[in-house]
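Numbering (this note's numbering) for the sequence shown: 259 to 410.
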Amino acid sequence: MTMMMMMMMMMMMKMTMMMMMMMMMLMMLMLLLRLMMMMMMMMMMMMMMMMMMMMMMMMMILMMMMMMMMMMMMNDDDDDDDDDDDDDDDDDDDDDDDDDDDDDDDDDDDDDDDDDDDDDDDDDDDDDDDDDDDDDDDDDDDDDGDDDDDDD
Numbered sequence: 259m260t261m262m263m264m265m266m267m268m269m270m271m272k273m274t275m276m277m278m279m280m281m282m283m284l285m286m287l288m289l290l291l292r293l294m295m296m297m298m299m300m301m302m303m304m305m306m307m308m309m310m311m312m313m314m315m316m317m318m319i320l321m322m323m324m325m326m327m328m329m330m331m332m333n334d335d336d337d338d339d340d341d342d343d344d345d346d347d348d349d350d351d352d353d354d355d356d357d358d359d360d361d362d363d364d365d366d367d368d369d370d371d372d373d374d375d376d377d378d379d380d381d382d383d384d385d386d387d388d389d390d391d392d393d394d395d396d397d398d399d400d401d402d403g404d405d406d407d408d409d410d
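Spelled out as structure tokens, the structure:
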């Protein structure tokens with residue numbers, strides 16, 4: 259009887275031990291699971307946050323790029339047109355320079371005019387000859403004066 263009692267006790271102990279072990283295992287599993295779940299949640303949250311941040315950053319960069327492109331395109335088009343016009347103007351200026359060369363030819367014509375002026379000077383020399391004629395007239399007057407003396 260005592261033997262039976264002992265056996266039963268042993269059995270009970272064994273059972274409790276087993277139960278305890280099982281409970282412990284379950285608890286551990288639950289803890290692990292909970293930890294895992296928490297970790298997973300945290301990871302998910304972090305991932306979501308990261309993704310959101312990345313998306314936001316990407317969007318911002320894209321927007322900035324678009325704005326820059328738009329600004330550059332708008333400015334470049336205007337500037338290019340202006341530059342082309344300026345270049346054309348420069349070409350026109352070159353043509354004007356050619357006209358200046360023509361003006362130099364005109365200067366040569368002026369030199370010819372100067373030569374004509376020299377001819378006019380020659381005419382003045384002819385006038386001097388006329389003055390000589392006047393001197394001859396004076397001589398005639400002297401002759402007349404001599405005639406008067408003869409009368410006396």
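Backbone N, C-alpha and C define an ideal beta-carbon position, used for all residues, glycine too.
The structure displayed is predicted, hence computed values, not measured ones.
Indicate, with yes or no, if the ligand FMN has a heavy atom lying under 7 Å from the CB of M263.
Judged by which ligands are present, the structure shown has none, so any question about the ligand FMN falls away.
Can you tell me the Cα-Cα spacing of M294 and M305, whole angstroms? 16 Å
Counting only runs of 3+ residues fully inside the segment 288 to 328, write out the beta strand (DSSP E) ranges in chain order.
none
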